[in-house]
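Peer 1: Structure below; questions to follow.
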Amino acid sequence: MSQAKTTYLRIDRLFKRFGSFEALKDVSFTIDNGEFICFLGPSGCGKTTLLRAIAGLDVQTSGRIEQAGRDISVLPPSERDFGIVFQSYALFPNLTVRDNVAYGLVSRRAGRAAIEQRVAELLQLVGLPDSGPKYPAQLSGGQQQRIAVARALATSPGLLLLDEPLSALDARVRVRLRYEIKSLQRRLGITTVMVTHDQEEALTMADRIVVMNHGVIEQIGTPMEIYRRPATPFVADFVGAMNFLDGAIAGDRKVRFGGALLDCPSAEGIPAGAPVKICLRPEDVAVRNLGSGTPNRVSVSIADMVFYGSFCRASLKGEGGGEITADFSNNLMRDLGLAVGQRLEVALPPDRILAFRAA
Amino acid sequence: MASLEALAAAPLKRKVSRDDVTLGAGLGVLAAWLVVSVALPLWTLLSKSFQDRDGGFNGVANYVEYFANPSLSQSIWNSVWVSLLAAAITIVLAFVYAYGLTRSCMRGKSAFRMLALIPILAPSLLPAISFIYLFGNQGILKNWLFGLEIYGPLGIVLAEVFYCFPHAVMILVTALATADGRLYEAAEALGASRLRIFFTVTLPGIRYGAISAVFVVFTLVITDFGIPKVIGGKFNVLATDVYKQVIGQQNFEMGAVVGMVLLVPALLSFVADRLVQRRQVAQLTARAVPLEPKPDPLYDWGMFAFCAVVAGMLLGVIGMAGWASLIKFWPYNLSLTLDNYAFANADAAGWSSYFNSLQMAAAAAAFGTFIVFVGAYSVEKSRAFALARAVSQFLAMLPLAVPGLVLGLSYIFFFNDPRNPLVFLYGTLTILVINTVAHFYTVSHLTALTALKQIDPEFEAVSASLKVPILKTFWRVTVPVCLPSIIDVFIYLFVNAMTTVSAVIFLYSTDNKLAAVAVVNMEDNGNTSAAAAMAMMIVITSAAVKLLQAAVSTVVVRRTQAWRRR
Ligand SMILES: Nc1ncnc2c1ncn2[C@@H]1O[C@H](COP(=O)(O)OP(=O)(O)O)[C@@H](O)[C@H]1O
Ligand SMILES: [Mg+2]
């Protein structure tokens, strides 16, 4: 079934101050029905503050929040419609899993049988059908996390809020649960906001990512957009590995890097002579199939290489100056017999390089 | 420009929810309670000290009179040097004892740990009575003193050391237990001698704990009333002066002045202790490695001997009172009897004082635990009402800095004022309950706050998102999770209500005399053996309650706290 794309949550000009400190500065965006949104940014950038404003736990200093067409800006959490999972899970330790999941159902005066059925259904949904009589302390971290999700979903809220739900788990469990949460969200079609400082988590799970820094939104976009076309140097730096090469604009859509003159469509509009940072992902440094017509060729030598398992990260010294980091797959290394000290030609593909005016 | 506009406007306020109302009500009850039981009485005391006998304002005249009277101001010096001496002796003994408990491999550590706490079960009157039996005019060890007089500073200091010992040991054990083993390993690796390590690592490491212990003991001694009352003889100290001025001479204004003077050292040490504790917190990093003492027979047995002697003396003091309470006619007829426990022979109130104490202690523990937890929860969880929260926090800390005598005195002034609508409480058991809860409020409040801070701060957020009223979550989750602390606070209040005398000495009436007050009265009238017997009843009751707590906790924990097990 295809759902009409309608706006579910509208954040409009949100500010939040703690004393004289501004934790959120003019934050606006919208979330569509059924979307999975990640707030991504370094620790302390205001992700949790924004999530808590949406939940009504800490009301914004100014600005408007609309959920499903209703102005909820100043409503207390109990009058909003959401389920929430915290980093600590906040499971009630003295209640069984069953009582935890049923906690919000009991107060709605549903019949006993209906409650039991709903609890069973939820435990089934999160893949822990037999855990009902256990206490939270008897479950592993990953299991606790899933119970917390089940509890948050029990009352069928319209919005699911997750604050770093995976960061307390070890790496393996984290990767598995990413997938589980995402597929659960798809099945239920519930609009979801997840806070994370882990870019991989955001890239793999989100429909769209809101990248934040110092209380402002740096960029909003699909994972691919964020990765491929970071809108600011901050995003370029924060998401994935990135070269920041010193260069200068040398005419229309041309930048000078070391001795080379590079085609750079993204430099459009920056005045000639302006210093720029040229951004390029290490894996985008091209080595194979370079012909005489290949633009942006640079002669380099391999200064150093570090083995990362599935690839090698190489430090390349440009002959005209400058240093470029490049990732070479094991395949490539073998085929070309790359080694430290070797000289080679690489290309910096024009559609993959981004120029930002240097600050 | 639009952003400036947005910031200039008044910040948004969340619509008031049912939970806000609930917490606000809790906060209101707490604030009202603290204002009535702490703030207003102390305020009345303060103003009384600036009034003449007819209630007119006379500035600092009372203070001038006080300091001009050498027999009164002499007490300040007496109080100070006795307290310093007692604190010094207590700290030295407690330090070695605590050192043995934490830094040696001697046998019987857990037994020694328990024995060190025994004095807490007794009213401070008990060691004073015991020392009279040991070294008094008819004491069995009188000639050990080579003619020195036990009635006076000597007796006060000895009894105070007994009374304060557990408090000092607890603080020092905590300080010594939080050592970082890596420092010691490093010092040893560098070839430092044991002595050098002691002076360069150990002592600096516990300096805050030691300072804190000195302040706590100094305050305990200078504000204690029971010991100087019983064994002080003609040696005047501040605490007994308050009593004499108010009860003996009915000079309330001068009593208020002495009370204010007594408040100064207590307040000072309270402030100093807070500062010291704040610095101590930062000392231990998360990566510290606990120090494991290594066996060393000579040293370990040396420590054992020391601890055994100290613990033996603690037991000896209690035992002396116990034995004396069973003696027919000290020191002429040493055959055993229970006659001294027929209190009606020594005091008109008889056994009723004891039962009053039980009743008062149970009521104070029940009511106190309730208000303490509801109050601490409201302070901890509410976000609105910042002013009420700040005021409540301050007033909740205040009782720790107010000596019981001063609090008791302030209650006379406040509750015995015919203009006060609460005057009907004066002379009832209720006012004793109120006074006792207020007197011991701070430690209870801090215990509750600590327990509440240890549970997940997001329970309330989760419950709001699930539309469950906060009161229900408090009852279903917070209370069960905090149950061990709730029991602790209950027992703390109960035992203190049984043993305290300083505050209630001003407030009891003949209909509701308390056991500890009866001890003072009977001792005053020369019925020392009956006083010893009543003091023993208090010890036995406190000990029984503690044992009961241990038993109940085990059962309750097994029954209701299955979730704590993995
Ligand atoms: N209650 C508060 N009082 C003062 N400052 C706060 C408070 N809550 C958060 N902050 C500050 O606001 C900033 C954003 O915090 P937060 O939203 O928790 O960051 P994160 O992106 O890591 O979730 C941080 O600098 C934090 O110190
Ligand atoms: Mg956060």
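Keeping their order, the protein sequence lines are chains A and B. So for the first sequence, the numbering used here puts the first residue at -16; every next one is plus one. So for the second sequence, the numbering used here puts the first residue at 131; every next one is plus one. Glycine is no exception: its CB is placed at the ideal position from the N, C-alpha and C atoms.
Using a cut-off of 9 Å between C-beta atoms, extract the partners of Asp150 of chain B located in chain A.
Peer 2: Per Cβ cutoff of 9 Å: Pro59.
Peer 1: With distances taken Cα to Cα, identify the nearest neighbour of Ala243 of chain A among A:Ala250, A:Arg280, A:Pro116 and A:Gly46.
Peer 2: Checking every option, the nearest Cα to that of Ala243 of chain A belongs to A:Arg280.
Peer 1: Which bits of chain B does Tyr291 of chain A rub up against, with CB to CB less than 7 Å?
Peer 2: Here the premise fails: no neighbours, minimum Cβ distance about 29 Å.
Peer 1: From Leu393 of chain B to Val165 of chain B, what does the alpha carbon distance come to, in whole angstroms?
Peer 2: Answer to the nearest angstrom: the Cα atoms are 19 Å apart.
Peer 1: Can you find the residues in the same chain that come closer than 7 Å, C-beta to C-beta, to Phe497 of chain B, ignoring five residues on each side of it along the sequence?
Peer 2: Closer than 7 Å at the Cβ level, and outside the excluded window around Phe497 of chain B, lie Val563 and Val567.
Peer 1: Report all residues for which the CB-ligand distance to some heavy atom of ligand 1 is below 5 Å; order them along the chain.
Peer 2: Output, sorted by chain position: A:Phe1, A:Ala6, A:Ser26, A:Gly27, A:Cys28, A:Gly29, A:Lys30, A:Thr31 and A:Thr32.
Peer 1: With a CB to CB cut of under 7 Å and the five nearest residues on each side skipped, what residues in its chain are close to Met(-16) of chain A?
Peer 2: Residue placement at Met(-16) of chain A cannot be trusted, given a pLDDT of 44 that sits under 50; the coordinates are not used to answer.
Peer 1: If we define contact as Cβ-Cβ less than 8 Å, is Glu328 of chain A a contact residue for chain B?
Peer 2: By this cut-off, Glu328 of chain A is not an interface position.
Peer 1: Using beta carbons (cut-off 8 Å, strictly below), is Val607 of chain B in contact with chain A?
Peer 2: For Val607 of chain B, the answer is yes, since a Cβ of chain A falls inside 8 Å of its Cβ.
Peer 1: What do you reckon, are the CB atoms on Leu111 of chain A and Arg129 of chain A nearer than 8 Å?
Peer 2: It is a contact, given that the beta carbons lie within the stated cut-off.
Peer 1: At a Cβ cut of 9 Å, what residues of the region 73 to 100 of chain A count as close to chain B, listed as they run along the chain?
Peer 2: So the list reads Ala73, Leu74, Phe75, Pro76, Asn77, Leu78, Thr79, Asp82, Tyr86, Gly87, Leu88, Val89, Ser90 and Arg91, given in the order they occur along the chain.
Peer 1: Confirm, please, whether the CB-CB distance from Lys643 of chain B to Asn486 of chain B is below 8 Å.
Peer 2: Yes, they are a contact pair.
Peer 1: Locate the alpha helix (DSSP H) running through Arg183 of chain B, then write down its first and last residues.
Peer 2: Per DSSP, Arg183 of chain B belongs to no alpha helix (DSSP H) and is neither H nor E.
Peer 1: Can you list the residues of chain A that Phe589 of chain B reaches, using a CB-CB cut of under 9 Å?
Peer 2: Per Cβ cutoff of 9 Å: Ala73 and Phe75.
Peer 1: Any C-beta of chain A sitting closer than 8 Å to the C-beta of Asp469 of chain B?
Peer 2: Answer no: the Cβ-Cβ gap between Asp469 of chain B and chain A never drops below 8 Å.
Peer 1: Taking Cβ to Cβ, would you say Met667 of chain B is nearer than 8 Å to Ala645 of chain B?
Peer 2: Yes. Within cutoff.
Peer 1: Per DSSP, what kind of secondary structure is Ala268 of chain A in: helix, strand or coil?
Peer 2: Before going on, a small fix: residue 268 of chain A reads as Val here, not Ala. If DSSP states are grouped into helix, strand and coil, Val268 of chain A belongs with coil.
Peer 1: Does the distance between the C-beta of Asp181 of chain A and the nearest non-hydrogen atom of ligand 2 fall short of 7 Å?
Peer 2: Every heavy atom of ligand 2 is 7 Å or more from the Cβ of Asp181 of chain A, so no.
Peer 1: Please go through the same chain and pick out, in chain order, the residues whose beta-carbon is closer than 6 Å to the beta-carbon of Asp469 of chain B, but skip the five residues on each side of it.
Peer 2: Cβ neighbours of Asp469 of chain B beyond the five flanking positions: none.
Peer 1: Does any residue of chain B bring its CB to less than 8 Å from the CB of Ala151 of chain A?
Peer 2: So no, Ala151 of chain A is outside the interface.
Peer 1: When every heavy atom of ligand 2 is checked, does at least one fall within less than 7 Å of the C-beta of Glu147 of chain A?
Peer 2: Yes, since a heavy atom of ligand 2 falls inside the 7 Å radius drawn around the Cβ of Glu147 of chain A.
Peer 1: Quick check on DSSP: helix, strand or coil for Ile48 of chain A?
Peer 2: Three-state result, Ile48 of chain A: strand.
Peer 1: In the region 294 to 350 of chain B, which residue ranges form an unbroken alpha helix (DSSP H) of at least 4 residues, counting only runs that do not cross its ends?
Peer 2: Segments of the alpha helix (DSSP H) lying fully in the region 294 to 350 of chain B: 311 to 319 and 324 to 327.
Peer 1: Should Pro395 of chain B go down as buried or exposed, given a rule of 16 or more other Cβ atoms within 10 Å for buried?
Peer 2: Flag for Pro395 of chain B reads buried.
Peer 1: Output the residue ranges of the alpha helix (DSSP H) runs that lie fully inside the region 412 to 497 of chain B and measure 4 residues or longer, sorted by chain position.
Peer 2: List check, alpha helix (DSSP H) in window: 427 to 454.
Peer 1: Note the first and the last residue of the continuous beta strand (DSSP E) segment covering Thr308 of chain A.
Peer 2: It spans Glu306 to Ser312 - the beta strand (DSSP E) in which Thr308 of chain A sits, taken as one unbroken run.
Peer 1: Any beta-carbon of chain A closer than 8 Å to the one on Met131 of chain B?
Peer 2: Because Met131 of chain B sits at a pLDDT of 43, beneath the cut-off of 50, its placement in the model cannot be relied upon, and the following sentence gives the value as read from the coordinates. Not an interface residue.
Peer 1: Identify, in the order they occur along the chain, each residue of the same chain with its Cβ nearer than 6 Å to the Cβ of Val347 of chain B, setting aside the five sequence neighbours on each side.
Peer 2: Closer than 6 Å at Cβ, skipping near neighbours: Ala217, Thr220, Cys294 and Ala298.
Peer 1: Check for me: the beta strand (DSSP E) holding Pro258 of chain A runs from which residue to which?
Peer 2: Residues Pro258 to Leu263.
Peer 1: Does the Cβ of Val178 of chain A lie closer than 7 Å to at least one heavy atom of ligand 2?
Peer 2: Yes, the beta carbon of Val178 of chain A sits closer than 7 Å to at least one heavy atom of ligand 2.
Peer 1: According to DSSP, is Gly230 of chain A helix, strand or coil?
Peer 2: In the structure shown, Gly230 of chain A sits in a strand (DSSP, three-state: E or B).
Peer 1: Pick out whichever of A:Thr79, A:Ser56 and A:Ile307 has its Cα sitting closest to the Cα of Gln43 of chain A.
Peer 2: Per the Cα distances, A:Ser56.
Peer 1: Since Val619 of chain B contacts Thr467 of chain B with CB under 8 Å, what's their CB separation in whole angstroms?
Peer 2: Not quite, the Cβ-Cβ distance comes to about 39 Å (not below 8 Å), so this is no contact.
Peer 1: Any beta-carbon of chain A closer than 8 Å to the one on Asp586 of chain B?
Peer 2: At least one chain A Cβ lies under 8 Å of Asp586 of chain B.
Peer 1: Smallest Cα separation from Val74 of chain B: which of B:Ala438, B:Ala386 and B:Tyr338?
Peer 2: Because chain B in this structure spans residues 131 to 696, residue 74 of chain B falls outside the shown range and cannot be described.
Peer 1: Going along the chain, which residues of its own chain have a beta-carbon closer than 6 Å to the beta-carbon of Leu40 of chain A, five neighbours each way excluded?
Peer 2: Hits under 6 Å: Pro60.
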